[in-house]
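Please read the structure below before turning to the comments.
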Amino acid sequence: MNSSRAGAPSVIFDLDGTLVDSEPNAYESMRLLLEQYGVPDFTWEQNARFIGISNLEALTVLRAEYGIAASADELVAGQDAIYLDLARKSTEVFPRMREFVELLHDRGVAVAVASGSSLAGIEAVLTSTGLDAFFTTYVSADEVPRGKPEPDVFLEAARRLGASPADCVVVEDAVPGARAAHAAGMRCIAVPYVPACATDPAFAATGLLFPGGQDEFTARDAYAWLFPATAPAPNGPGAAS
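Just so we're aligned, residue 834 is where the sequence shown starts under my numbering, counting upward by one.
Structure representation (structure tokens):
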């Protein structure tokens, strides 16, 4: 774990790959969609380059690469429908992230979700996992002019929270999200979904980096970085091993 620290009253979470392990559902929905348009055998490795960017941006690229006649908007709607069905059936919250959210909630910290997913997708995941009890503020990339790595979605989340960007910390798993946080003037807790990406310069510039990803992240360490004078005891809430 690498860190440099300052205080933060508001925390903005990425959703997919950060709070919840939804990347398998995101990949499967993309694979099934492309299969419908005559693109077989779309692999996890091919999909990995789109982790952290909006569905519209990803499908715009794939539409051009595979010569798909349907519009990007039509593809997004199709992929979203498949994803929503999968998300409602099975989405897992990372246990240590849930503990972190609960610690922040107990302290009264303002939190939000800022995601590249559609509003329907965000709502489905939050509801199906019970995270809607903690997150009443959330922003989709569909609601802002530009998706990550541009800062728009994080700046809008800060606006809705009534917080200054300088007083916000972003929790992210992907390089585009870390770049977006930096562009927004926000500090960042980075928990790479793909640990091999931990050496990317975008992660090196974050305030707190867990190079091993979710395997290394603990709620206690993240909370202690934010609030060092009141960190939970090792056997208290957030002390995941």
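Where is the CB? At the ideal position from N, CA and C, for every residue including glycine.
Query: Reduced DSSP secondary structure (H/G/I, E/B, other) of R931; Result: helix
Query: Nearest to W877 (by Cα), restricted to the options L865, A1037, V1004; Result: L865
Query: Given D950 as reference, the closest of R1020, S843, F883, E868 once Cα atoms are compared; Result: The sequence shown places Ser at residue 950, rather than the Asp named in the question. With distances taken between Cα atoms, S950 lies closest to F883.
Query: Cβ pair M834, D975 closer than 9 Å; Result: no
Query: Among A1062, A1017, H1015, I1022, the one whose alpha carbon lies nearest that of P1044; Result: I1022
Query: Proximity winner among S843, P842, L848, relative to V972 (alpha-carbon distances); Result: L848
Query: contact_flag[the region 911-929, the region 854-862] where n(CB pairs < 8 Å) is 3 or more; Result: yes
Query: Cβ-Cβ distance between A1013 and P1034 below 9 Å; Result: no
Query: Residue from V1024, F1036, T1032, A1037 whose Cα sits closest to the Cα of G1046; Result: V1024
Query: Three-state secondary structure (DSSP) of D913; Result: helix
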